[in-house]
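To start, the structure under review is shown below, and the notes come after it.
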Amino acid sequence: KNVEYRISPHRFVIDHAMDWESAKAMFMKASYDIAIVDSSSDELEKSVLDQLKMLYPNTIRFCVSDIQSNTDYYLPKVMNSSQFQCSKSTSIDELFGLIEKVLEIDEQVKDKKLINLMSSLKHLPTVPQVYYQMSAMIENNASVDEIASRIEEDPAITSNILKLANTAFYNAKTGSIRQAIMFIGLLNVKNIILTNAVFGNDGLDPKAREIHWEHVKTTNKLLNALYVDLLGKKLNNNISSVGLLHDIGSIVLMSNFPKEFDLIYKKIKENPNLSFHDLEVEIIGFNHEKLGGHLLNLWGLPFPMIEAALWHHDPLNDKIINKELIQAVHLANHYAWKAMKFTRYDNLLKDGVFEALGISKVDFQTFFERFMKNSY
């Protein structure tokens with residue numbers, strides 16, 4: 114309803130400015146849901162986007178580009194400044210469709226009830242200082258050697274970066290952080306830092322931490338293998354660690370509501386047909402998908418990562434922008450639990466995902482058996 118109101122023709126106003134000073138004057142007179150930046154100069158585009166981010170953080174920042182290769186998953190060229198990117202060849206109808214879906218995501222992750230409940234949580238992951246330091250170093254064009262030196266000061270983060278770089282997907286075969294960064298990319302390094310912060314939460318039961326860390330690692334491995342083996346392509350390197358963060362909401366809820374989670378598991382054990390999602394809402398007040406999407410949005414991660422947290426249990430939802438990715442994450446999430454011999458989530462699989470991805474169940478089963486043989 115709110116999205117319909119925000120995009121209503123009676124309210125929807127498009128203003129146009131030829132330069133930043135004109136745009137700033139407009140922002141002083143009105144608030145805008147979305148700012149779309151179109152510039153042939155990458156330097157100018159980044160400058161304007163950075164100003165928007167600093168002065169108007171609640172405005173969603175789009176950029177348009179001539180370069181088709183940069184628009185996979187609508188990932189922006191300027192990762193830390195823009196949230197969304199589309200090609201200049203995008204039709205008006207398609208652009209308005211994207212805007213409507215982006216506003217829907219915005220409504221979901223900025224839900225007032227969720228934000229109010231969030232304020233009462235005792236155990237919320239905080240973004241570590243190294244994340245901000247690394248972001249600043251990237252912004253200032255620091256060398257890989259300088260970034261590697263900073264990361265090496267944190268043994269836990271160093272270990273997890275090397276583990277990811279040496280997986281079959283990257284096959285770096287290295288003990289060097291510098292080499293690992295070259296293989297996995299800076300955005301994935303930042304995602305690992307965030308994952309570490311989430312799993313380092315004091316309120317999380319050690320056994321639950323171990324189980325869910327294994328789950329997200331397995332999800333990520335399955336997802337990347339699925340793309341290569343069944344979809345015939347590599348997942349975009351900037352989001353190849355999406356599996357590590359898709360279930361962040363569950364980790365935070367378990368840290369804050371351990372008794373409630375035990376009750377949810379008990380109810381599902383008694384009646385496997387009950388909805389995990391509905392029980393979270395009934396017993397806790399909101400579900401882990403919305404919470405995960407809210408946190409990733411708060412931390413400024415790309416829209417595909419936010420969608421993965423928000424929709425990984427509802428992969429056929431019409432509101433999803435990156436349908437293929439979310440459907441693949443759904444399968445990887447489900448079969449990661451299966452690989453770990455957990456059956457409590459068996460009823461969450463959406464069979465329509467196989468057809469949507471153009472994958473037969475037989476081919477997927479063959480792939481999964483091969484994955485189990487090689488990985489477990």
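The opening residue of the sequence shown carries number 114 in this note's numbering; numbering runs sequentially from there. Glycine included, every Cβ here is placed at the ideal spot set by N, Cα and C. Note that the structure is predicted; figures quoted are calculated from it, not measured.
Quick check on the burial criterion: 16 or more other C-beta atoms within 10 angstroms. Buried or exposed for residue i?
i	result
residue 182	With a pLDDT of only 45 at residue 182, under the threshold of 50, the placement of this residue in the model should not be trusted, and no figure is reported.
residue 332	buried
residue 244	buried
residue 268	exposed
residue 207	exposed
residue 468	exposed
residue 483	exposed
residue 179	exposed
residue 455	exposed
residue 378	exposed
residue 184	Because residue 184 sits at a pLDDT of 45, beneath the cut-off of 50, its placement in the model cannot be relied upon, and the point is left open.
residue 141	exposed
residue 266	exposed
residue 143	exposed
residue 434	buried
residue 393	buried
Since I believe residue j is in contact with residue i (beta carbons under 8 Å), could you give me their beta-carbon distance rounded to a whole number of angstroms?
i	j	result
residue 438	residue 466	The Cβ separation is near 12 Å, so there is no contact.
residue 337	residue 300	Between residue 300 and residue 337 the Cβ distance is about 15 Å, and since that is not below 8 Å, they are no contact.
residue 363	residue 401	4 Å
residue 91	residue 449	The requested residue 91 is not part of the displayed model; the chain covers only 114 to 489.
residue 293	residue 274	5 Å
residue 310	residue 241	5 Å
residue 414	residue 440	Contact doesn't hold; Cβ gap of about 20 Å is too wide.
residue 162	residue 195	5 Å
residue 410	residue 419	5 Å
residue 175	residue 209	So it is not a contact: roughly 12 Å between Cβ atoms.
residue 316	residue 361	No, residue 316 and residue 361 are not in contact; Cβ-Cβ is about 14 Å, not under 8 Å.
residue 227	residue 403	6 Å
Expressed to the nearest angstrom, what Euclidean distance is found between the alpha-carbon atoms of residue i and residue j?
i	j	result
residue 283	residue 296	6 Å
residue 160	residue 134	12 Å
residue 324	residue 168	41 Å
residue 286	residue 278	8 Å
residue 344	residue 389	29 Å
residue 493	residue 422	Any question about residue 493 goes unanswered here, given that the chain covers just 114 to 489.
residue 341	residue 129	43 Å
residue 478	residue 261	40 Å
residue 165	residue 172	8 Å
residue 177	residue 158	10 Å
residue 376	residue 170	38 Å
residue 220	residue 289	42 Å
residue 349	residue 212	23 Å
residue 223	residue 370	21 Å
residue 232	residue 365	13 Å
residue 339	residue 291	28 Å
residue 280	residue 200	33 Å
residue 368	residue 239	13 Å
residue 151	residue 126	18 Å
residue 321	residue 314	11 Å
* Asked: Are there three or more Cβ pairs, one per stretch, closer than 8 Å when the segment 196-205 is compared with the segment 367-387?
  -> Touching, no, given that fewer than three Cβ pairs across the two stretches are closer than 8 Å.
* Asked: In chain order, which continuous runs of the alpha helix (DSSP H) of length 4 or greater are located wholly inside the segment 283-366?
  -> List check, alpha helix (DSSP H) in window: 290-297, 299-312, 319-342 and 355-358.
* Asked: Where in the segment 218-276 do unbroken runs of the alpha helix (DSSP H), each at least 4 residues long, occur, reported from the N-terminal end onward?
  -> Unbroken alpha helix (DSSP H) stretches of 4 residues or longer found wholly inside the segment 218-276: 225-231, 242-252 and 257-264, given in chain order.
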